[in-house]
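Engineer: Counting from 1, position 25 in the sequence shown corresponds to residue 25 in full-length UniProt numbering; the numbering is continuous, with no gaps.
All residues carry an ideal CB built from backbone N, CA and C; glycine is no exception.
Here the structure is a predicted model, which is why all the values come from computation and not from measurement.
Submitted below is the structure of interest, expressed as structure tokens.
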Amino acid sequence: MADLPNSPLARLSNRNYTLIYAPTQPQRVAMPPGFEHRWQRAHAHLLRVAEQCYALATHGLTVYRQSAADGDFQAHQNVNVANFESLMANAPMASQVELTPVLTTVLEQYFAAKARAQLPANGEIVLVLLDSEPTDRLAIAKQIVAASQKLDHNDELGIGWVQVGDDFITKGFLVTLDDNLREKGAKFDIVDHKTIDQIIATDLVSFLTGVLND
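In structure tokens form, the structure reads like this:
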């Protein structure tokens, strides 16, 4: 049976899917027990996320992964699930993460493709996979607010923040980013945040739909 036009799967299909993979090394002494194993524990869950996004994607996944321990990100196009697993296995872990440069690249490419009428009909969803608070928190918020002003409707672009591990400082930042965009002047709230455990406990479709509905 075909998906109804307004069903969750219909809204999530016919899109580009971009994953930003941003693991870091634990920096603080008083980290939660077992925090150093957070990515290993999440490995199978992240593969499930990639698999489901790949099934929904129009042209395979675009993955941005740190190319060196200094935090620079490199784009990988038309990635399948096996490619993604290999990229995770070989990803350097920076001591801290700055996300404004890679988000700038992703958003500029989105709006350039939109201007050329080269986007899939439903737009794009970006998932940021991270475990620690970025160093450029305020810049990220301003960047997303500015991007929201260029959108025609809230369904066309969503940014989902997937927290790996349970660092409370990271959670605090992501909850604030999720809840306060409208107060900061965003035209649409295009952000949602969940831990990887929360996503797996429900389902990815619900999370992705929440990214668009938030």
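How far does the alpha helix (DSSP H) with Leu-212 in it extend, from its first residue to its last?
Structural biologist: 204 to 213
Engineer: Counting C-beta neighbours from all protein chains within 10 Å, is the total for Pro-134 16 or more, i.e. buried, or is it exposed?
Structural biologist: buried
Engineer: Report all residues from its chain with a CB closer than 6 Å to the CB of Lys-194; omit the five preceding and five following residues, and keep chain order.
Structural biologist: Phe-207
Engineer: With His-162 and Val-128 assumed to form a contact (beta carbons below 8 Å), what rounded beta-carbon distance in angstroms separates them?
Structural biologist: Sequence inspection shows Val at residue 162; the His mentioned does not correspond to that position. About 7 Å; that satisfies the 8 Å criterion.
Engineer: Among the candidates Ala-22, Ala-50 and Leu-177, whose CA atom is the shortest distance from the CA of residue 218?
Structural biologist: Limits of the chain in this structure are 1 at one end and 214 at the other, which puts residue 218 out of reach.
Engineer: Would you kindly work out how many angstroms separate the C-alpha atoms of residue 217 and Lys-187, rounded to a whole number?
Structural biologist: Here the chain covers residues 1 to 214 and nothing more, so residue 217 does not appear.
Engineer: Who pairs with Asp-136 in a beta bridge, going by DSSP?
Structural biologist: Answer by DSSP bridge pairing: none, since Asp-136 is not bridged.
Engineer: Quick check on His-76: does DSSP put it in helix, strand or coil?
Structural biologist: strand
Engineer: Ends of the beta strand (DSSP E) at Arg-182?
Structural biologist: In this chain, Arg-182 is not harboured by any beta strand (DSSP E), its DSSP state being neither H nor E.
Engineer: In the DSSP assignment, what are the bridge partners of Arg-65?
Structural biologist: Tyr-21 and Gln-74
Engineer: Under the three-state reduction of DSSP, which class applies to Leu-129: helix, strand or coil?
Structural biologist: Leu-129 falls in the strand class under three-state DSSP.
Engineer: Under the rule that 16 or more other beta-carbon atoms within 10 Å means buried, what is Asp-192, buried or exposed?
Structural biologist: buried
Engineer: Among residues of its own chain, excluding the 5 on either side of Lys-142, which ones have a beta-carbon nearer than 8 Å to its beta-carbon?
Structural biologist: Lys-184
Engineer: Can you check whether the CB of Glu-51 is closer than 8 Å to the CB of Val-81?
Structural biologist: Contact: yes.
Engineer: In terms of residue numbering, what span does the beta strand (DSSP E) encompassing Gln-163 cover?
Structural biologist: Residues 157 to 163.
Engineer: Under a Cβ-count criterion, where at least 16 other Cβ atoms within 10 Å of its own Cβ denotes burial, should Gly-172 be classed as buried or exposed?
Structural biologist: exposed
Engineer: In whole angstroms, what separates the C-alpha of Asp-189 from that of Met-88?
Structural biologist: Near 29 Å, if we compare the C-alpha coordinates of Met-88 and Asp-189.
Engineer: By DSSP, does Asp-197 sit in helix, in strand, or in coil?
Structural biologist: The answer is helix: DSSP assigns Asp-197 an H, G or I state.
Engineer: Since Val-191 sits in a beta bridge, which residues does DSSP pair it with?
Structural biologist: Ile-159
Engineer: Ordered along the chain, which non-local residues of its own chain (more than five positions away) have a Cβ less than 7 Å from that of Ala-2?
Structural biologist: Because the pLDDT at Ala-2 is just 43, under 50, the model does not fix this residue reliably, and the value given afterwards should be weighed accordingly. Closer than 7 Å at the Cβ level, and outside the excluded window around Ala-2, lies no residue.
Engineer: Run through the DSSP bridge pairs and tell me what Asn-16 is partnered with.
Structural biologist: Glu-124
Engineer: Rank Arg-137, Ser-95, Arg-65 and Val-79 by C-alpha distance to the C-alpha of Thr-105 and give the top, closest one.
Structural biologist: Arg-65
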